[in-house]
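Following: one structure in structure tokens, then a few remarks.
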Amino acid sequence: MVADVLKALGVSAEEVSRGDLIVRSPIDGVEIGRVKSDSPAGEVDLKVALSVIAFHEWREVPAPRRGELVRLFGEELRANKDALGRLVSLEAGKILQEGLGEVQEMIDICDFAVGLSRQLYGLTIASERPGHRMMETWHPLGPVGVISAFNFPVAVWAWNAALALVCGDSVIWKPSEKTPLTAMATQRLFERAAAKFGDAPKGLSQVIQGGREIGEQLAANPLVPLISATGSTRMGKALAPVVAARLGRSLLELGGNNAMIVAPSADLKLAERAITFAAVGTAGQRCTSLRRLFVHESVREKLVARLKTVYGAIKIGNPLEAGTLVGPLIDKAAFDGMQSALAQAKAQGGTVTGGARALDGQFPNAYYVQPAIVEMPRQTDVVKHETFAPILYVLSYHDFDEALRLQNGVAQGLSSCIFTRDMQEAERFVAAAGSDCGIANVNIGPSGAEIGGAFGGEKETGGGRESGSDSWKAYMRRQTATVNYSNALPLAQGIKFDTE
Ligand code: NAD
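In the working numbering, the protein residues as written are 1 to 500.
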């Protein structure tokens, strides 16, 4: 099955038959390929050098023509959505619907980027000097290094690459060492698009495979002006100083610890559906997964009882089978992390429902779990920490200010939401003194963002913004250019500096 899917995507069985990176499907723990890591010593720098050459050519191609390449890539994705979505399921363990959704997100960002390729606008600014024109121009930046996490193995790259390519940059991608196959397949689809395009420079988009040392090597290379890195806060804290030491730019998309406030006036039916999708979807392995639920004391009992019923009926199983809502965790380390967090929660006064390993008879080498609901007396240490698994901590609150304080009272600042029909609460939630997160939703769960808005978070989430709105500006350099079309040389600030 994996071989067929890879073949359809242009990757031969031979290519994934040897190497040091052993890829196991989280579905059953069975080996599905081997991929060779690039060597940090030589190959990474060699690929960066090629990327610089590609950039020098690509930056002079008119942006709308660059958009044509991204359009063709989007066409490849459309034609191969099923195969790539399936490969995402096989390699990352997402249910097929989410695997397909991830590819759809890639298609959407390509469409966005194609339009953007005719809208990389600058400003014309009034000059204080007569006979002068001042303008702000956005120029291509250079090779962009993209480091991605296992849980969105292809979409995150596409958010970066589609924009970087229309902005005139070349791209070097270091995918997660847990998901090298989807990266290979995506690169192959890109190469098909490039062949149709005709004259895209060699090395415009490249993949470097391997673990953190490969990422470190890329981050340290002064020829890469921007490193866009998605992953844990731990990774961001290690990577940011390396990029900063050479005064490079980093765009960080790190861990979240997302919350929902359920107010007394909330539509509980809507809230219940949003909670379930956000807390158990992708087996709790989204950066925007719902982890903390603050329920008003007047509706807590009712809502928690309903959630326990819904959780009890959720179908856990093979993510490729229709009807499955929760697939496996990525690996044993993720399972161990979940069990350790549950033990800590109990020690900190929590009452745990669910959380046990599931289907171990059928899949002894894979890690399926029952999603857990953990009722906590307070927002203790374990609640403040992102555990990348389906654990939903539930706390009660008495008044809105307390709920907001609790929600903002963690180090992460990615996504947040409130379910309320009270207009004042809704407005306060999205106002300056409301949610401190990059994403704040009203009557919508915290996960599943659209590509049209800027995506990212504050505080330990890293501050980066990707995808829609004006996120493209991160991939370009801003130039202020002033042209004097007069016969005099007036100085700014009216300074007199007569030399005659
Ligand atoms: P991870 O931090 O273990 O790895 C992410 C990537 O960083 C991998 O490619 C890894 O090889 C690389 N890496 C690790 N250390 C590095 C270093 N010192 N220098 C350079 N590269 C390094 O994360 P993961 O387990 O793959 O993914 C889960 C995490 O990612 C969660 O914390 C999740 O919240 C976060 N995430 C965030 C977003 C977002 O947009 N904010 C999106 C997806 C995932």
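For every residue, glycine included, the Cβ atom is placed at its ideal position computed from N, Cα and C.
Since this is a predicted model, take the numbers as computed values, not measurements.
Original post:
According to the neighbour-count rule (16 or more other Cβ atoms, all chains shown, within 10 Å of its Cβ), is Leu181 buried or exposed?
Top reply: Taking the first residue of the sequence shown as 1, we reach residue 181 at position 181. Only buried fits Leu181, as 16 or more other CB atoms lie within 10 angstroms of its CB.
Subject >> Closest residue to His139 among Arg133, Ala126, Ser117 and Glu15 (Cα-Cα distance) >> reply: Numbered from 1 along the sequence shown, position 139 holds the residue referred to as residue 139. Residue Ser117 is the option with its Cα nearest to His139.
**OP:** Check whether the Cβ atoms of Gly210 and Glu386 lie closer than 9 angstroms to each other.
**Re:** The residue you call residue 210 lines up with position 210 of the sequence shown. The residue you call residue 386 lines up with position 386 of the sequence shown. Against a cut-off of 9 angstroms, the Cβ pair of Glu386 and Gly210 comes out as no contact.
**OP:** Would you mind stating whether Asp374 and Gly350 have Cβ atoms separated by less than 9 angstroms?
**Re:** Translated into positions along the sequence shown, residue 374 becomes position 374. Translated into positions along the sequence shown, residue 350 becomes position 350. For the record, residue 374 in the displayed sequence is Val; it is not Asp. The answer is yes: Cβ separation under 9 angstroms.
Original post:
What did DSSP end up calling Ile468 once you bin it into helix, strand or coil?
Top reply: Locating residue 468 in the sequence shown gives position 468, where the first residue counts as 1. Reading off the sequence, residue 468 comes out as Gly, not Ile. Residue state for Gly468 is assigned as coil, using DSSP reduced to three classes.
**OP:** List the DSSP bridge partners of Gln412.
**Re:** Locating residue 412 in the sequence shown gives position 412, counting from the first residue. Gln412 is bridged to Lys459.
**OP:** Report, in whole angstroms, the separation of the C-beta atoms of Ser228 and Val146, which I expect to be a contact under 8 angstroms.
**Re:** Within the sequence shown, the letter at position 228 stands for residue 228. Within the sequence shown, the letter at position 146 stands for residue 146. Ser228 to Val146, Cβ: 5 angstroms. Contact.
Original post:
Buried or exposed: Ile22, going by 16 or more other Cβ atoms within 10 Å of its Cβ?
Top reply: For this step, residue 22 is matched to residue 22 along the sequence shown. It is exposed - the Cβ of Ile22 has fewer than 16 other Cβ atoms within 10 Å.
Subject >> Cβ-based burial, Thr230 [other Cβ within 10 Å; buried from 16] >> reply: Here residue 230 is taken as the residue at index 230 of the sequence shown, counted from 1. It counts as buried.
**OP:** Would you check whether the ligand NAD has a heavy atom nearer than 8 angstroms to the C-beta of Gly462?
**Re:** On the sequence shown, residue 462 is found 462 positions in, with the first residue counted as 1. Yes - the ligand NAD has a heavy atom lying nearer than 8 angstroms to the Cβ of Gly462.
Original post:
Is Thr230 helix, strand or coil by DSSP?
Top reply: Numbered from its first residue, the sequence shown carries residue 230 at position 230. It is a strand residue.
Original post:
Does the stretch 425 to 436 come close enough to the stretch 447 to 456 to have 3 or more Cβ pairs within less than 8 angstroms?
Top reply: Taking one beta carbon from each stretch, the stretch 425 to 436 and the stretch 447 to 456 have fewer than 3 pairs nearer than 8 angstroms; the two do not touch.
Original post:
Quick one: any contact between the stretch 278 to 286 and the stretch 90 to 98, if contact means 3 or more CB pairs under 8 angstroms?
Top reply: Judged by Cβ distances under 8 angstroms, the stretch 278 to 286 makes contact with the stretch 90 to 98, as three or more pairs qualify.
Original post:
Would the C-beta of Ile150 count as close to the ligand NAD, meaning under 8 angstroms from any of its heavy atoms?
Top reply: Counted from its first residue, the sequence shown places residue 150 at position 150. Ile is not the amino acid found at residue 150; the sequence shown has Phe there. Yes, since a heavy atom of the ligand NAD falls inside the 8 angstroms radius drawn around the Cβ of Phe150.
Original post:
Relative to the C-alpha of Ala356, which residue among Asp381, Gln362, Gln379 and Pro390 is closest?
Top reply: Translated into positions along the sequence shown, residue 356 becomes position 356. Nearest of Asp381, Gln362, Gln379 and Pro390 to Ala356, Cα basis: Pro390.
Subject >> the stretch 154 to 169 / the stretch 33 to 48 touching (three or more Cβ pairs under 8 angstroms) >> reply: In short, these stretches do not touch, since the Cβ pair count stays below three.
Original post:
Taking buried to mean at least 16 other C-beta atoms within 10 Å of its own C-beta, is Gly354 buried or exposed?
Top reply: As a working mapping, residue 354 is identified with position 354 in the sequence shown. When all chains shown are included, Gly354 counts as buried.
Original post:
Whole-angstrom Cβ separation of Val5 and Leu77, contact assumed at under 8 angstroms?
Top reply: Taking the sequence shown and counting its residues from 1, the one referred to as residue 5 is at position 5. Taking the sequence shown and counting its residues from 1, the one referred to as residue 77 is at position 77. In fact, because the Cβ distance is near 15 angstroms, the residues do not count as touching under 8 angstroms.
**OP:** Can you tell me the Cβ-Cβ gap for Phe502 and Leu100, rounded? I've got them flagged as a contact below 8 angstroms.
**Re:** Any question about residue 502 goes unanswered here, given that the chain covers just 1 to 500.
Original post:
Would the beta-carbon of Ile418 be found less than 8 angstroms away from any heavy atom of the ligand NAD?
Top reply: Indexing the sequence shown from 1 puts residue 418 at position 418. No, Cβ of Ile418 sits at least 8 angstroms from all heavy atoms of the ligand NAD.
Subject >> Check: Pro180 C-beta below 8 angstroms from any heavy atom of the ligand GTP >> reply: By its list of ligands, the structure shown excludes the ligand GTP, since it contains just the ligand NAD.
**OP:** With a 10 Å radius around its C-beta and 16 neighbouring C-beta atoms as the bar for buried, classify Ser250 as buried or exposed.
**Re:** For the purposes of this step, residue 250 is identified with residue 250 of the sequence shown, where counting begins at 1. Counting Cβ neighbours within 10 Å, Ser250 comes out buried, since at least 16 surround it.
Original post:
Can you tell which of Thr276, Ser340, Ala266 and Asn365 has its C-alpha closest to the C-alpha of Leu501?
Top reply: For residue 501 there is no data in the structure shown, the boundaries of the chain being 1 and 500.
Original post:
Is it a yes or a no for the stretch 142 to 158 touching the stretch 480 to 500, going by three-plus beta-carbon pairs under 8 angstroms?
Top reply: The stretch 142 to 158 makes no contact with the stretch 480 to 500; the number of CB pairs closer than 8 angstroms stays below 3.
Original post:
DSSP on Pro26, reduced to helix/strand/coil?
Top reply: Counting from 1 along the sequence shown, the entry for residue 26 is found at position 26. Coil.
Original post:
Between Cys287 and the ligand NAD, is the CB less than 8 angstroms from at least one heavy atom?
Top reply: Here the question's residue 287 lines up with position 287 in the sequence shown. Checking the Cβ of Cys287 against the ligand NAD gives yes.
Original post:
With contact counted as at least three CB pairs below 8 angstroms, one residue from each stretch, are the stretch 452 to 472 and the stretch 255 to 270 in contact?
Top reply: Here the stretch 452 to 472 lies against the stretch 255 to 270, with 3 or more beta-carbon pairs under 8 angstroms apart.
Subject >> Nearest-angstrom Cα separation, counted from Gln206 out to Val171 >> reply: For the purposes of this step, residue 171 is identified with residue 171 of the sequence shown, where counting begins at 1. For the purposes of this step, residue 206 is identified with residue 206 of the sequence shown, where counting begins at 1. Going from the Cα of Val171 to the Cα of Gln206 covers about 6 angstroms.
Subject >> Three-state secondary structure assigned by DSSP to Gln379 >> reply: On the sequence shown, residue 379 is found 379 positions in, with the first residue counted as 1. Here DSSP, grouped into helix, strand and coil, assigns Gln379 to coil.
**OP:** Reducing DSSP to helix, strand and coil, say where Ser396 ends up.
**Re:** One-based indexing of the sequence shown puts residue 396 at position 396. DSSP places Ser396 in strand when its eight states are reduced to three.
**OP:** Note down, in chain order, each residue of its chain lying with its Cβ closer than 7 angstroms to the Cβ of Val352, except the 5 sequence neighbours on either side.
**Re:** Here residue 352 refers to the residue found at position 352 of the sequence shown. Result list for Val352: Leu342, Ala345, Lys346, Ala372 and Val374, in chain order.
Original post:
Whose CA, out of Gly19, Ala8, Glu43 and Asp82, lies closest to the CA of Leu320?
Top reply: Taking the first residue of the sequence shown as position 1, residue 320 is located at position 320. Out of Gly19, Ala8, Glu43 and Asp82, Asp82 has the C-alpha closest to the C-alpha of Leu320.
Original post:
Under three-state DSSP, which class holds Cys287?
Top reply: For the purposes of this step, residue 287 is taken as the residue at position 287 of the sequence shown. Coil.
Original post:
From which residue to which residue does the alpha helix (DSSP H) around Arg477 run?
Top reply: By 1-based counting over the sequence shown, the position of residue 477 is 477. According to the DSSP assignment, Arg477 belongs to no alpha helix (DSSP H) but to the beta strand (DSSP E) extending over Met476 to Asn484.
Subject >> DSSP beta-bridge partners of Glu31 >> reply: Along the sequence shown, read from residue 1 onward, the residue named residue 31 stands at position 31. Residue pairing for Glu31: DSSP places it in a beta bridge opposite Arg24.
**OP:** Would you check whether the ligand NAD has a heavy atom nearer than 8 angstroms to the C-beta of Leu21?
**Re:** Looking up residue 21 in the sequence shown gives position 21. Answer for Leu21: no, Cβ out of range of the ligand NAD.
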